[in-house]
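Enquirer:
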Amino acid sequence: MPTEISAPLHFRTLLTGHTYLIADFYATWCPPCKTIAPIYEQLSTAHAVPGKIAFVKVNVDEQREVAAQYGITAMPTFLVFKDGKVMEEIKGANPPALKRVVERVAGEVGRERESVAEKVGKKEEEAKKDSEVKEEKTVSGSYGMTGGNNWKMSLN
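Residue numbers (full-length UniProt numbering): 1 to 156.
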């Protein structure tokens, strides 16, 4: 579910707290905005990832400062941010374009997460091998002779 922006600081906080932020600049009186809203909500529900991908709605009549900062003149306008910078803009209610960009962003995040998981897995595997090697090197023992010609060995 997209987050409704309540103040410019709210927007900046979410922008800096996520790798990607997908913003819907809309107006309550805008028919195309109302048409695409359910699609945007579905995409948000399916693809939001805490700390990675955030979906927000910016009412241009209530958040004029934020809308002006990004030069919003048409509604709806979707801005896709990566690391706080605009990387893509979609003007108008264009569901195929919106789906395409959201799925691309979700794919990039998925690949990043897989890469991190692979690195963690490799580090765990290396740590396990290192501990196995260390265990092999720490074996110690002693030899002794018991009655007659019988040798006795003990390992610690």
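Built from N, CA and C at the ideal position, the CB exists for glycine as well.
Select from M87, A54 and A74 the residue whose C-alpha is nearest the C-alpha of W29.
Expert: That would be A74, whose Cα lies nearest to the Cα of W29.
Enquirer: Compute the distance between the beta-carbons of F55 and I5, then report whether it is under 7 Å.
Expert: No, the Cβ-Cβ distance between F55 and I5 is not below 7 Å.
Enquirer: Nearest-angstrom Cα distance between V49 and P31?
Expert: Taking the straight line joining both Cα atoms gives about 29 Å.
Enquirer: List the residues that DSSP assigns as beta-bridge partners of T3.
Expert: Bridge partners of T3: V56.
Enquirer: Just checking, does the segment 50-69 make contact with the segment 91-100 on the three C-beta pairs under 8 Å criterion?
Expert: Contact between the segment 50-69 and the segment 91-100 is absent, because fewer than three Cβ pairs lie under 8 Å.
Enquirer: Excluding five sequence neighbours on each side, which residues of the same chain lie with their C-beta closer than 6 Å to the C-beta of V80?
Expert: Excluding positions up to five away in sequence, the list reads I22, M87, E88 and V101.
Enquirer: Please go through the same chain and pick out, in chain order, the residues whose beta-carbon is closer than 6 Å to the beta-carbon of H10, but skip the five residues on each side of it.
Expert: Cβ neighbours of H10 beyond the five flanking positions: none.
Enquirer: Less than 7 Å separating the beta-carbons of I36 and P76?
Expert: Result yes, Cβ atoms of I36 and P76 sit closer than 7 Å.
Enquirer: Might you give, ordered along the chain, the residues of its own chain that have their beta carbon closer than 7 Å to the beta carbon of P71, omitting 5 neighbours on each side?
Expert: Checking the displayed sequence, the identity of residue 71 turns out to be Gly instead of Pro. Nothing meets the Cβ criterion.
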